[in-house]
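What follows is one structure encoded as structure tokens, with my remarks underneath.
There are 2 protein chains.
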Amino acid sequence: MTEDNAILVGNKPFMNYITAIVMQFATKNASEVVVKARGNLINSAVDASMVASKRFLEGKVKVKNVVINSEEVTNREGKKRNISSIEITLEKV
Amino acid sequence: MTEDNAILVGNKPFMNYITAIVMQFATKNASEVVVKARGNLINSAVDASMVASKRFLEGKVKVKNVVINSEEVTNREGKKRNISSIEITLEKV
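Chains as they are written, first to last, in my numbering: chain R, 22 to 114; chain A, 22 to 114.
Listed below in structure tokens is the structure:
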């Protein structure tokens with residue numbers, strides 16, 4: 022699997038990420054796609070993964086693995102804080 | 022494992038959930054604790070699990086398993102919609 026199959030969920034419209042997941046499987050023929058997010062966007066990564074796997078790619082794609090973690094980041098004021106992250110691996114059934 | 026070891030993350034102050042996790046392991050001697058949340062509270066469940074396992078119970082507790090899902094719920098207006106959920110199982114090292 023290459024890094025091309027990783028999708029980082031950000032602040033774009035929600036549907037963009039679902040489309041990106043579906044496109045990776047449908048047109049790029051990926052066997053796995055990793056959906057990543059940090060902080061408040063963790064919800065969106067879970068939502069996008071669920072909508073893609075249960076609605077758009079129902080019966081074709083399922084959740085293989087979910088990993089949560091936290092990492093120390095330095096904000097613009099120079100303060101260090103921990104931010105949680107998630108990596109959801111979806112795979113072809 | 023009994024259902025006593027499940028913690029549902031809601032809208033209470035964040036620290037309550039961390040305390041609940043730590044208490045289950047430290048005073049109730051649980052071998053596993055399941056942290057659950059739905060919708061927008063998924064972030065908080067991940068944050069609470071990370072703070073509990075990496076700061077308060079560092080080296081003593083780790084993430085065993087993470088499951089994401091979605092379920093159909095009916096809101097107050099009688100409309101059906103899908104809501105994502107997460108279940109994070111923490112275990113004693």
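Beta carbons: idealized from backbone N, C-alpha and C, even for Gly.
query	result
Nonlocal neighbours in the same chain, by C-beta distance under 6 angstroms from ASN90 (chain R), ignoring five residues either side	SER106
CB contact flag (ILE104 (chain A), GLY60 (chain A), <7 angstroms)	yes
The stretch 75-92 of chain R contacting the stretch 75-92 of chain A, beta-carbon criterion three pairs below 8 angstroms	yes
7 angstroms Cβ cutoff, ARG91 (chain R) in contact with chain A	Correcting the residue type first, residue 91 (chain R) is Ser in the shown sequence and not Arg. Closer than 7 angstroms to some Cβ of chain A, the Cβ of SER91 (chain R) qualifies, so yes.
Range of the contiguous alpha helix (DSSP H) that encloses ALA41 (chain A)	35-47
Simplified DSSP assignment, three categories, for ASN103 (chain R)	strand
Rounded distance between the beta-carbons of ILE42 (chain R) and ALA165 (chain R), thought under 8 angstroms	Here chain R comprises residues numbered 22 to 114, so residue 165 (chain R) is not present and cannot be evaluated.
Status (buried if at least 16 other CB within 10 Å, exposed otherwise) for PHE35 (chain A)	exposed
Test: VAL87 (chain A) CB closer than 7 angstroms to a CB of chain R	yes
Interface flag, ASN64 (chain R) vs chain A, CB-CB below 7 angstroms	yes
Any chain A beta carbon closer than 7 angstroms to VAL67 (chain R)	yes
Proximity of PHE46 (chain R) and VAL82 (chain R) at Cβ, strictly below 7 angstroms	yes
Residues of its chain near VAL94 (chain A), where Cβ-Cβ distance is below 6 angstroms and the 5 sequence neighbours each way are ignored	ILE104
Option in A:LEU62, A:ASN37, A:LYS57, A:ASN26 with minimal Cα separation from ILE109 (chain A)	A:LYS57
Under 8 angstroms from the C-beta of MET71 (chain R): neighbouring residues of chain A	ILE89, ASN90, SER91, ASN103, SER105
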